[in-house]
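Note that the protein sequences, when read in sequence, are chains B and S.
For the first sequence, position 65 matches number 65 in full-length UniProt numbering, and the numbering has no gaps at all.
For the second sequence, position 208 matches number 208 in full-length UniProt numbering, and the numbering has no gaps at all.
Glycine residues also receive a C-beta, built at the ideal position from the N, C-alpha and C atoms.
Comments concern the structure below.
Number of protein chains: 2
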Amino acid sequence: MSQVPSPGARRIPDATIRRLPAYLRALERSSLSRMTSGELGQLTGFSSEQVRKDLAYFGAFGTRGVGYEVPALAREIRRILGLDREVLAVLVGAGHLGTALLRYSQFSSQDVQVAAAFDVDPRVVGTTIGRVVVEPLEHLEERVQELGARIGIVAVPAGAANAVGERLTRAGVRAILNFAPVTICQACPEVVVHNIDLALELQALAYFVTVTPDKSLAVERDL
Amino acid sequence: MSQVPSPGARRIPDATIRRLPAYLRALERSSLSRMTSGELGQLTGFSSEQVRKDLAYFGAFGTRGVGYEVPALAREIRRILGLDREVLAVLVGAGHLGTALLRYSQFSSQDVQVAAAFDVDPRVVGTTIGRVVVEPLEHLEERVQELGARIGIVAVPAGAANAVGERLTRAGVRAILNFAPVTICQACPEVVVHNIDLALELQALAYFVTVTPDKSLAVERDL
DNA sequence: CAGTGTGAAGTAATTCACAGCG
DNA sequence: CGCTGTGAATTACTTCACACTG
Chain B
1 MSQVPSPGAR RIPDATIRRL PAYLRALERS SLSRMTSGEL GQLTGFSSEQ VRKDLAYFGA
61 FGTRGVGYEV PALAREIRRI LGLDREVLAV LVGAGHLGTA LLRYSQFSSQ DVQVAAAFDV
121 DPRVVGTTIG RVVVEPLEHL EERVQELGAR IGIVAVPAGA ANAVGERLTR AGVRAILNFA
181 PVTICQACPE VVVHNIDLAL ELQALAYFVT VTPDKSLAVE RDL
Chain S
1 MSQVPSPGAR RIPDATIRRL PAYLRALERS SLSRMTSGEL GQLTGFSSEQ VRKDLAYFGA
61 FGTRGVGYEV PALAREIRRI LGLDREVLAV LVGAGHLGTA LLRYSQFSSQ DVQVAAAFDV
121 DPRVVGTTIG RVVVEPLEHL EERVQELGAR IGIVAVPAGA ANAVGERLTR AGVRAILNFA
181 PVTICQACPE VVVHNIDLAL ELQALAYFVT VTPDKSLAVE RDL
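Below you can see the structure in the form of structure tokens.
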């Protein structure tokens, strides 16, 4: 549903792309020099076949009978995800959630750097949160272009989210992580939007606590 | 993958459950008294057939040729999700992220109430964040049982997350929303774990900004 | 006759099963 | 021999197409 079925290159399942960062993290944390698909699956919660199939979409990185070289595979995954180049993001909305994201060191890693933050509130503009100084919202377009930022993070109230999404898109952002509880950029086919909707997530969990009164085999699921 | 294939009741796709809260929100926000599946789909970003099929798993709530009664359908969905009863959650970890979640009013709605919060840091224990007073971590089991809380929210550092997850599970929680960047409760089949991993989400977006240099039709996707 | 409800068809993702290779 | 890589089988999910009904 996501990529053009361009001839030549096989289309990569979306689900595969979402698992790659988990594999990468497990590899980076490991002190082993080699790992089998079974071990990598164990660490990430996926089956060994799943791991092998995901990786096989991009090439043959393993050694039969042995497994995968940890540093080499990590490098490959970083390349596949585009993390071998610098990837810059900007965050809009330095409220409670935006502030928490900026302070969460894991979030702005060396892989994807949150390089600027914006807010409308003059009381937070100018303050330093994490590694960035909050700038006024008017600077958004100028700074996105200046930085060459390709990812936008929307952490503004619902009413402002769509306008912010469209401004980010027009400024050149190609992907948006949206925390606002509304659909944004419905009319922007050139940008990929992933939504993280915390309230919806909680409500979905309510279903599982009511519907699972017996010992039915419950399951771990991501995102 | 989620429910026991119990005879009689058709198994509900997991994807359906995750869309129901979005439908519910759209219905609750609307001032219309009736809505068609097309309108509801427009508001939530899904197709009309998808909406109809999702709802049809649980019964025939619409009127042919007309659509759905908004308040009645909202009530049905709330019942399906188990939101017609009080659903209580507890949050563990009142750091930056936990604090942001507690202050985010949408997160603790009348539907799912975050009724208690815990932390190890004596400096935050006793402070009021949002509507709750932060309690010492030792109170966790006692308070979960006392409240009858069935959902746990894990917002502690990676190193502490698995232990917290297991304590929540042993205390009686049936579902966990995990924000820690680690796999938790692998050995707890009786609890449903949903993971929200902010860093992985950003890394996955990196793929879409590199792989979409042409005007391939990009797509909005949830969670 | 407009829009629901639903089998059937189609598509996507996962799991199986095993050949192939180091 | 063990583990990878991969077609084939299976399962899950979505879209189509249309009968049905208020």
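- Chain-order list of chain B residues neighbouring D111(S): A199, L202, Q203, A206, by C-beta distance under 9 angstroms.
- Secondary structure of V133(B) (DSSP, three-state): strand.
- Residue environment analysis places T63(S) among the exposed positions, since fewer than 16 neighbouring C-beta atoms fall within 10 angstroms of its C-beta.
- Following the DSSP letters along the chain, one finds Q106(B) in no alpha helix (DSSP H), marked with neither H nor E.
- Comparing alpha carbon positions, the residue from D197(B), R170(B), G67(B) closest to T183(B) is D197(B).
- Taking a contact as a CB-CB distance under 8 angstroms, the pair R150(S) and A175(S) counts as one, their CB atoms being some 7 angstroms apart.
- Across the structure, R123(S) and V114(S) are spaced so that their CA atoms are roughly 21 angstroms apart.
- In the displayed model, T63(S) falls within a strand according to three-state DSSP.
- The segment 184-193 of chain B makes contact with the segment 164-173 of chain B, as at least three CB pairs between them are under 8 angstroms.
- G65(S) is outside the set of residues whose beta carbon lies under 8 angstroms from a beta carbon in chain B.
- Annotation for V51(S): the continuous alpha helix (DSSP H) segment containing it runs 48-56.
- The beta carbon of I17(S) lies closer than 7 angstroms to none in the same chain, with the five residues before and after it left out.
- Non-local C-beta neighbours of G93(B) in its own chain, meaning closer than 7 angstroms and more than five positions away in sequence, comprise D119, V154, A155, V156, ordered along the chain.
- For L88(B), the enclosing beta strand (DSSP E) starts and ends at 87-92.
- Your pair G45(B) and Q186(S) checks out as a contact, with CB atoms roughly 7 angstroms apart and the cut at 8 angstroms.
- Excluding the 5 residues flanking it on each side, L83(B) has same chain C-beta neighbours closer than 6 angstroms at D111, in chain order.
- The C-beta of S37(S) has 16 or more other C-beta atoms within 10 Å across all chains shown, which makes the residue buried.
- By the neighbour-count definition (other C-beta atoms within 10 Å, threshold 16), T128(S) is an exposed residue.
- If you draw a straight line from the Cα of R131(B) to the Cα of Y57(S), it comes to about 49 angstroms.
- When Cβ-Cβ separations below 8 angstroms define contact, R18(S) makes contact with chain B.
- In the three-state DSSP reduction, A187(S) falls in the coil class, being neither helix nor strand.
- Approximately 7 angstroms separates the beta-carbon atoms of R34(S) and V66(S); this is inside 8 angstroms, confirming the contact.
- Scanning chain S for C-beta atoms nearer than 8 angstroms to the C-beta of G45(B) yields T183, Q186, reported in chain order.
- With a threshold of 16 other beta carbon atoms within 10 Å, R19(S) meets it and is buried.
- Within a 10 Å sphere around the beta-carbon of G126(B) sit fewer than 16 other beta-carbons, which makes this residue exposed.
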